[in-house]
Every structure is written in C-alpha cells, then in structure tokens.
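All remarks here apply to the structure that follows.
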Amino acid sequence: MRLSRMFFFPLRETPAEAEIPSHQLLLRAGYIRRISSGLYAYLPFMWRVLQKVSAIVREEMNATGAQECLLTQLQPSDLWRESGRWETYTKAEGIMFSLVDRGDRELGLGPTHEEVITAIARDTLRSYRQLPVHLYQIQTKFRDEIRPRFGLMRGREFIMKDGYSFHADEESLKETYRDMDRAYRNMLRRCGLQFRAVEADSGAIGGSGSQEFMVLADAGEDEVLFTEDGKYAANIEKAVSLPPDAVASPFSSYEKRETPGTDTIAKLCEFLNCSPTQIVKNVLYQALFDNGKTVLVLVSIRGDRDVNEVKLQNELTKRAANYGASAILALFVPEAEAQAKWVAKPLPLGYMSPGLSDEFIASKSDVAPQFLRLCDRTAAELENFVTGADETNSHVVGANWDKEFPKPDVVELQTAMEGDRAVHDPTQTLQIARGIEVGHIFQLGTKYSLAMGATYTNEAGEDVPLVMGCYGVGVSRLAQSAVEQSYDKDGIIWPVAIAPYHAIVVIPNVNQSEQVEAAEKLYRDLNDAGIETLLDDREERAGVKFKDADLIGIPYRIVTGRSLKQGKVEVVERSTKNSQEVEIDAVVEMLREAIDKAIADRV
Ligand code: ATP
Ligand code: MG
Numbered sequence: 004m005r006l007s008r009m010f011f012f013p014l015r016e017t018p019a020e021a022e023i024p025s026h027q028l029l030l031r032a033g034y035i036r037r038i039s040s041g042l043y044a045y046l047p048f049m050w051r052v053l054q055k056v057s058a059i060v061r062e063e064m065n066a067t068g069a070q071e072c073l074l075t076q077l078q079p080s081d082l083w084r085e086s087g088r089w090e091t092y093t094k095a096e097g098i099m100f101s102l103v104d105r106g107d108r109e110l111g112l113g114p115t116h117e118e119v120i121t122a123i124a125r126d127t128l129r130s131y132r133q134l135p136v137h138l139y140q141i142q143t144k145f146r147d148e149i150r151p152r153f154g155l156m157r158g159r160e161f162i163m164k165d166g167y168s169f170h171a172d173e174e175s176l177k178e179t180y181r182d183m184d185r186a187y188r189n190m191l192r193r194c195g196l197q198f199r200a201v202e203a204d205s206g207a208i209g210g211s212g213s214q215e216f217m218v219l220a221d222a223g224e225d226e227v228l229f230t231e232d233g234k235y236a237a238n239i240e241k242a243v244s245l246p247p248d249a250v251a252s253p254f255s256s257y258e259k260r261e262t263p264g265t266d267t268i269a270k271l272c273e274f275l276n277c278s279p280t281q282i283v284k285n286v287l288y289q290a291l292f293d294n295g296k297t298v299l300v301l302v303s304i305r306g307d308r309d310v311n312e313v314k315l316q317n318e319l320t321k322r323a324a325n326y327g328a329s330a331i332l333a334l335f336v337p338e339a340e341a342q343a344k345w346v347a348k349p350l351p352l353g354y355m356s357p358g359l360s361d362e363f364i365a366s367k368s369d370v371a372p373q374f375l376r377l378c379d380r381t382a383a384e385l386e387n388f389v390t391g392a393d394e395t396n397s398h399v400v401g402a403n404w405d406k407e408f409p410k411p412d413v414v415e416l417q418t419a420m421e422g423d424r425a426v427h428d429p430t431q432t433l434q435i436a437r438g439i440e441v442g443h444i445f446q447l448g449t450k451y452s453l454a455m456g457a458t459y460t461n462e463a464g465e466d467v468p469l470v471m472g473c474y475g476v477g478v479s480r481l482a483q484s485a486v487e488q489s490y491d492k493d494g495i496i497w498p499v500a501i502a503p504y505h506a507i508v509v510i511p512n513v514n515q516s517e518q519v520e521a522a523e524k525l526y527r528d529l530n531d532a533g534i535e536t537l538l539d540d541r542e543e544r545a546g547v548k549f550k551d552a553d554l555i556g557i558p559y560r561i562v563t564g565r566s567l568k569q570g571k572v573e574v575v576e577r578s579t580k581n582s583q584e585v586e587i588d589a590v591v592e593m594l595r596e597a598i599d600k601a602i603a604d605r606v
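Each residue of the sequence shown is one higher than the one before, counting from 4 in our numbering.
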C-alpha cells in the first residue's frame with residue numbers, strides 16, 4: 004500500500020479524552036476514531052491488526068478441534084427469560100442493550116451468547132455419541148458498560164472470540180478446558196504479549212473453576228496476586244492468603260470503655276493503644292435480591308483487613324434461596340439515604356458490635372427482619388478482642404465469641420493483600436501486579452442447560468443435562484493491550500506478528516528519481532516475497548515521514564537515501580532503533596529472516 008493513498012490521518016496533538024498511552028497512541032496514529040462514548044471505528048491499520056489477532060486466535064482454536072460459526076447478534080428476550088438473565092441483564096446490571104421490534108417483540112443485542120448456543124444445542128445434541136462439541140465465533144459484542152473507557156479496552160461495542168463446549172461429563176469438560184488453557188497461552192505468546200494465567204472468580208455459578216489471562220500492564224483495571232515460586236496466581240477478587248498473625252490482646256477481662264471520637268479503626272487503635280489485629284470491625288452491607296427483598300448484612304472482620312465484596316456477593320447468592328430469591332441485584336454499604344428505607348432508630352455507626360440488635364431494622368414486608376451475620380475467619384480466630392458497644396463513643400474490650408457474642412457463620416470474606424503469606428506455602432509472600440484481562444475460560448457446568456432444558460441421552464439411556472464450558476478472548480482489547488505493553492516516546496512498537504505491516508519503504512525526497520526508482524523496486528520485491536510493505540511516497544519532508552513511521556510502529560523501515568550511491572539502503576528496526584546499511588539486493592532476504600525469526604520465536 005502507498006501511504007499517499009492510504010486512509011491515514013495521524014493527529015499532531017494527543018486527544019484530551021485519552022488517559023492511557025495505548026489509547027492516546029492508537030488515536031494519534033490514526034488507528035481508531037471515536038464515534039461516541041465507548042464506540043470506536045477501526046480504521047484500515049487497526050482492522051489489519053485485528054484481523055491478524057483474529058487469525059492467530061482462529062488457528063489456535065481450530066487446532067483444538069473447535070469449529071467456527073457465527074451466531075445472531077439480535078437475541079430474543081424469550082431465551083434470556085428461560086435462563087433467568089433478562090431482568091438482570093437489561094435492568095439490574097443494565098449491561099444489555101435492548102429494543103422492541105415492529106411486532107412488539109423484545110430483543111437484546113448480544114453481550115454474550117450462552118442462551119443462543121444452548122438453544123441450538125438443545126435442538127441438535129441428542130445423544131452422548133455426538134459429544135463433545137465445541138463451537139466458537141469471532142464477533143462484535145455489545146455491552147452498555149457503566150464506565151466505558153480507555154478506548155478499545157472497555158468499549159460498548161467490541162470484538163470477542165467466544166466459544167462454548169458441550170460434554171457428556173465433567174471429565175470431558177476438563178479435557179477441553181485444559182486444551183483451551185494451552186490454546187490461550189499459545190495465542191497470547193504468539194501475539195507477543197507478556198501475560199499471567201490466574202485463578203478467577205466464577206461468581207455465583209460455582210462450577211469447578213475459571214481462569215483469566217492477564218496482560219501485565221500498569222494501566223490494567225485488575226489486580227493480580229502471585230508468588231515468586233510460580234505456583235500461585237489469582238485475581239484479587241478470588242485470592243486467598245494467610246494474613247499476618249494477630250498481636251495477642253492486652254485486654255484480659257471484658258468491659259465497656261468510653262472511647263469518644265473513635266469511629267475509625269485508626270482512631271480507636273490510637274485511643275486504646277492497641278493493634279488493629281485485636282479489633283473485630285463490623286461492616287454493614289445492604290443487599291437487594293431479585294425478588295425485591297432487602298437484606299441487611301453485618302460482616303465481622305479483623306480490624307486490619309478489608310471485606311472482599313466479590314466473595315461476599317458469592318456468599319449471599321448461595322443464601323438467596325433462604326430469602327425466596329435466586330440472585331442479587333445490588334450490594335452496597337448503605338449511606339444515610341439508603342438506610343432511611345429501613346432503619347427503626349439511628350445506627351451507632353463506627354461503634355457497632357457483631358451482636359447489633361435486630362431492633363434497628365424497622366418492620367417492613369420487603370426487608371428481612373434480622374441481620375444476616377457473617378464472620379470472616381480472621382475475626383473468628385480472635386480472643387479477648389475489642390469491638391463496638393452498639394453505642395456511639397463506646398467500645399467493649401476483652402470480648403470473646405460464644406461468651407459475649409454468639410459466633411456468626413464463619414466464611415472466607417477478607418481481601419488478600421500484598422505481603423500476606425501464601426496458603427500453599429507460608430514461606431512465600433504474595434506479590435501484586437496490575438493486569439488487563441484479555442481472556443477468561445470457564446467451566447460452566449449445567450447452569451444454562453438445566454435452566455433451558457438442554458439435555459442429551461447418556462449411555463444408560465437417561466436424559467441428563469449437557470455439561471458446558473465457555474471461553475472468551477477480547478480480540479480488540481488484546482490488540483490495544485499489546486500497545487500498552489510496547490511503546491516508546493515516539494510511538495507504537497508492534498510485536499511483529501500483529502503489526503499492520505511488516506515494513507515501510509521511505510523515500511526521503513520524492514523529487515529524486517533514483518530514490519523513487521530504488522524504493523518502487525524494493526516495495527514490489529518485498530511484497531512479492533510476502534513481506535507486507537508500505538511505501539511512503541508522500542510529498543512530505545523526510546523528518547515527517549520518519550516520525551510517522553515510528554508513530555505507526557511498523558517493525559522495519561527501509562530508507563532509500565544517501566547510501567544509494569554505494570548500492571545500499573538504510574534498514575532501521577523500530578523496537579531497537581538499530582540502523583544498518585544493507586546492500587539493496589540483500590534487503591528482501593534479510594527482512595524475510597528477521598520477520599520469520601520474530602514470529603517463529605513465539606510459536
Ligand atoms: P471485565 O471484567 O473486564 O468487564 P468480563 O468478565 O465482563 O470483563 P467476559 O464476559 O469474560 O468479560 O468476556 C470475555 C472477554 O471479553 C474479556 O476477557 C475481555 O477481554 C473482553 N471484554 C469484556 N468486556 C469488554 C469491553 N467492554 N470492551 C472490550 N473487551 C471486553
Ligand atoms: Mg471477567
């Protein structure tokens with residue numbers, strides 16, 4: 004392609020809306036253009052990158068025996084009602100765009116495709132002999148994200164590869180899951196990314212596990228905890244740890260103390276001259292279930308630890324049936340306005356105990372009359388602890404479970420932290436890194452097949468639900484995360500395997516015919532040799548052309564300049580800026596080798 008003809012409009016200024024380097028660079032180098040919040044057009048350079056990423060994804064998927072298909076983006080609400088997700092997805096979470104057609108039928112724009120694929124499986128998969136089956140597609144997904152940001156990282160319209168597998172049993176699911184783990188590692192390695200596979204939260208679905216693939220970058224929205232020995236890595240939402248030991252309590256007898264102005268752990272520690280590890284902190288949450296019921300949750304946790312709201316949400320979902328509900332719509336620490344819905348009298352905030360009286364809850368039909376009391380392991384282990392006295396400006400010290408306070412349900416609710424000891428080996432400490440989630444593989448089990456009646460006949464002739472797995476890669480997010488991992492002050496440095504072009508031949512001065520002739524010939528020869536090459540034949544100054552080539556991030560730049568007289572051209576490697584004079588006739592072979600090596604290195 005000739006740059007003079009290329010649809011290429013670099014920006015000279017960094018757009019103010021772009022906060023992270025990869026977003027700024029893709030806009031500046033003319034790869035993408037913002038249409039509206041979370042909506043970006045992929046211009047020709049970007050589209051080439053996306054197609055290269057897609058091709059790698061496709062190759063790795065096909066190698067596992069998965070088959071490509073293309074499902075509908077418009078999805079009837081009926082299917083989502085069958086799975087029970089219509090209300091949550093369109094209303095509670097509000098992540099699904101929905102519409103009503105001219106026949107008054109409700110439709111959603113696909114944020115994901117479990118329902119559609121399960122409906123197909125239900126109609127087609129009848130016997131164990133047809134299993135396992137794995138279908139995938141590469142397609143635009145729609146999600147009405149609360150906070151679209153960072154360009155392609157969190158768009159409202161983005162490209163995803165999503166695959167769904169159907170099995171006769173867990174064993175077969177696990178086999179495909181392992182294949183996917185390998186395929187995903189291959190994809191990311193081949194795309195030139197540094198990544199980590201981490202244990203992930205499987206949410207309320209449970210199942211036997213899920214794993215996320217995190218591209219390591221400071222701009223990542225996720226936090227990953229891992230150990231040096233490489234044996235443990237988990238998303239902070241899921242991570243478990245051994246917190247530091249609690250300091251022995253100096254309070255040997257139970258008594259109430261006046262503790263004025265100590266509504267935070269820090270102030271209380273200073274006032275009582277104690278360690279936060281001797282305090283049982285009580286955090287009040289308000290949960291709204293899908294049947295409209297509000298439940299007040301009192302979480303007791305050690306003073307130095309924080310509640311992990313993902314773990315809490317999972318515990319509450321497990322208990323949803325106790326409240327006649329099946330899912331949680333919202334979970335939050337209630338501010339005054341939310342409290343007003345249910346408080347019978349002012350709460351002793353900052354001074355609450357695990358035994359806070361249920362009389363604080365006004366009697367209302369849509370509010371559970373009692374606190375749901377949960378206790379994290381860290382608090383459950385404490386003796387002679389300090390906690391609130393349920394009275395403003397007072398605490399109790401020297402308290403014990405099953406003496407002054409009945410011990411609530413003990414569950415794992417704490418947020419693991421950097422520096423904690425690892426569970427698998429306490430001599431290892433957890434380290435933290437930021438990551439961009441580019442892929443997620445998931446053992447779904449029978450959630451959708453049960454809900455939607457997708458069954459098959461097993462060898463014993465019984466009708467049983469299909470066992471499912473699902474596997475997603477954010478193709479457009481992945482492409483941008485490659486930039487986030489690889490750039491410098493001059494622009495993008497694409498990994499060779501996914502660069503829009505491999506090489507760019509720059510004519511410093513288009514008025515010099517020998518420069519033009521040499522460049523035209525190289526341009527032809529390189530393309531003929533299968534090296535995807537651009538020709539910068541624009542009537543621009545050489546400096547501008549070099550700057551643009553660096554900004555776009557093409558791995559190799561060939562300049563037909565001064566050394567032409569010696570029958571040579573300059574070849575510059577984008578990633579190292581190394582420059583060498585190369586015999587014109589040797590350029591094709593040299594680049595062929597370099598490119599093959601750069602790409603092959605990653606297979
Ligand atoms: P996140 O936690 O980042 O919102 P998710 O858990 O909702 O992601 P999945 O439903 O597992 O994501 O989707 C599979 C993949 O699709 C993700 O791993 C991610 O790479 C990509 N993805 C998800 N949401 C977006 C988005 N809004 N924009 C771009 N890519 C996305
Ligand atoms: Mg996820």
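We put the CB at the ideal spot given by N, CA and C, even for glycine. This one's a predicted model, so the numbers in the text were calculated from it and none came from an experiment.
query                                                                                                                                                                             : result
Pull up the distance between the alpha-carbon of G442 and that of F216, whole angstroms please.                                                                                   : 5 Å
CB-CB under 8 Å to Q518, same chain, minus the five flanking residues each way: which ones, in chain order?                                                                       : I510, P511, N512, T563, G564, L567
Whole angstroms is fine: what's the gap from P411's alpha carbon to W404's?                                                                                                       : 9 Å
Can you give me the C-alpha to C-alpha distance between T265 and T390, rounded to a whole angstrom?                                                                               : 11 Å
Measuring only the C-alpha atoms, how far is I38 from G154?                                                                                                                       : 11 Å
Below 8 Å, how does it come out for the stretch 492-508 and the stretch 239-252: are there three or more Cβ pairs, yes or no?                                                     : no
What residues match up with E573 in a beta bridge as DSSP calls it?                                                                                                               : V562, E584
Consult DSSP for S452 and reduce its assignment to one of helix, strand or coil.                                                                                                  : helix
Terminal residues of the continuous alpha helix (DSSP H) containing F229?                                                                                                         : It is not in any alpha helix (DSSP H) - F229 instead sits in the beta strand (DSSP E) that spans 225-229.
Which one or two residues does DSSP pair with T390 in a beta bridge?                                                                                                              : V399
Kindly list the residues whose CB is nearer than 7 Å to the CB of D528, restricted to its own chain and excluding five residues on each side of it in sequence; keep chain order. : V591
Do F161 and ligand 1 come close, with the Cβ less than 7 Å from some heavy atom?                                                                                                  : yes
Between T93 and ligand 1, is the CB less than 7 Å from at least one heavy atom?                                                                                                   : no
If you draw a straight line from the C-alpha of A66 to the C-alpha of N189, how long is it?                                                                                       : 11 Å
Determine the DSSP secondary structure at I510, reduced to helix, strand or coil.                                                                                                 : coil
If you draw a straight line from the C-alpha of G448 to the C-alpha of I59, how long is it?                                                                                       : 28 Å
Our contact map puts L46 next to Q446 with C-beta atoms below 8 Å; I'd like the distance itself, whole angstroms only.                                                            : No, L46 and Q446 are not in contact; Cβ-Cβ is about 38 Å, not under 8 Å.
From D107 to T93, what does the alpha carbon distance come to, in whole angstroms?                                                                                                : 17 Å
Could you tell me whether any Cβ in chain B is nearer than 8 Å to the Cβ of G306?                                                                                                 : Checking the listed chains, one finds no chain B in this structure; it contains a single protein chain.
Quick check on P79: does DSSP put it in helix, strand or coil?                                                                                                                    : strand
Hey, I495 and A69: beta-carbon distance below 8 Å or not?                                                                                                                         : no
Could you check what DSSP says for S360 in three-state terms: helix, strand or coil?                                                                                              : coil
By how many angstroms is the C-alpha of D466 removed from the C-alpha of I120?                                                                                                    : 19 Å
Pick out the complete beta strand (DSSP E) segments inside the stretch 180-207, 3 residues or longer, and give them in chain order.                                               : 198-202
Taking DSSP as the reference, what is the three-state secondary structure of F549?                                                                                                : helix
Could you tell me if the beta carbon of L155 falls within a distance shorter than 7 Å of some heavy atom in ligand 1?                                                             : yes
Keeping to the same chain, check which residues put their C-beta closer than 6 Å to that of Q515; ignore five residues upstream and five downstream.                              : none
Can you name, in chain order, every residue of its own chain whose Cβ lies under 7 Å from the Cβ of E362, other than the five neighbours on each side?                            : A347
Would you mind reading off the limits of the alpha helix (DSSP H) that contains A382?                                                                                             : 380-383
For V103, which beta-bridge partners are listed by DSSP?                                                                                                                          : E109
Flag this pair as touching only if the stretch 111-119 and the stretch 134-153 have three or more C-beta atom pairs under 8 Å; answer yes or no.                                  : yes
Please state whether the Cβ-Cβ distance between F254 and N387 is less than 8 Å.                                                                                                   : yes
What does the Cβ neighbour count give for R376, buried or exposed, with the cut at 16 atoms within 10 Å?                                                                          : buried
On a Cα-Cα basis, can you pick out the residue from L74, Y131, E118 that is closest to Q142?                                                                                      : L74
May I ask you to list the residues that DSSP assigns as paired with G494?                                                                                                         : D491
In terms of residues, what are the limits of the beta strand (DSSP E) holding R61?                                                                                                : Note, R61: premise wrong, no beta strand (DSSP E); alpha helix (DSSP H) at 47-66.
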